[in-house]
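In my numbering, the protein residues as written are -3 to 169. All C-beta atoms, glycine included, are put in the ideal place defined by N, C-alpha and C. Written out below as structure tokens is the structure these notes cover.
What follows is the structure, encoded as structure tokens:
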């Protein structure tokens, strides 16, 4: 339940990332100062949410390993759910630490990555349960998302990110 609870802060981070990118798109010369303050504040809250989610996901993964050791005599079994939870931990650790890398600093890239990183959470929750087989695949074989929906979502994110990038570059660089 700790792992599932971590999805809440990650979802909040994704929503804040989308809102920040939209604010970048709607920035004009008149509202630049106000939008800049709003984007900064949302990015700070986003970072806090992702940090809380990462801590919860990491603790949940360790607790799951301890439970697995008691149940099956091993801490790690490379089950798809375990593996994708670890991948999500690594992705979000990278996103949170991007601000320390000179070439990856900036509110645009951080907010975009918080949106893209949420794909690992979707894969951990839905992908493993519905598309992969393993110990944690509870509804294997039942497709809930078609690949067309995934493709349309990626196209929308690409358009959003591109429009936000050009506005960010024009007004904030």
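Please return the same chain residues whose Cβ sits closer than 7 Å to the Cβ of residue i, not counting the five positions on each side in sequence.
i	result
residue 113	87, 88 and 91
residue 39	16, 103, 106 and 107
Hey, quick one: how far does the alpha helix (DSSP H) through residue i stretch, first residue to last?
i	result
residue 74	Taken as a continuous stretch (DSSP letters only), residue 74 belongs to no alpha helix (DSSP H), as it is neither H nor E.
residue 106	103 to 118
residue 8	-2 to 21
residue 233	As shown, the chain starts at -3 and ends at 169. That puts residue 233 outside it, with no answer to give.
Hey, out of the options, whose CA is closest to residue i's CA?
i	options	result
residue 167	8, 25, -2 and 4	25
residue 83	57, 71, 18 and 93	57
residue 152	5, 14 and 7	14
Only counting the same chain, and skipping five residues up and downstream in sequence, which positions put a Cβ closer than 6 Å to that of residue i?
i	result
residue 163	20, 21 and 23
residue 44	none
residue 49	2, 5 and 6
Using DSSP with H/G/I as helix, E/B as strand and the rest coil, what is residue i?
i	result
residue 84	helix
residue 155	helix
residue 169	coil
If the criterion is Cβ atoms closer than 8 Å, does the pair residue i and residue j meet it?
i	j	result
residue 46	residue 5	yes
residue 42	residue 116	no
residue 72	residue 119	no
Within the same chain, show all residues whose beta-carbon is closer than 8 Å to that of residue i, passing over the 5 residues directly before and after it, in chain order.
i	result
residue 101	94 and 95
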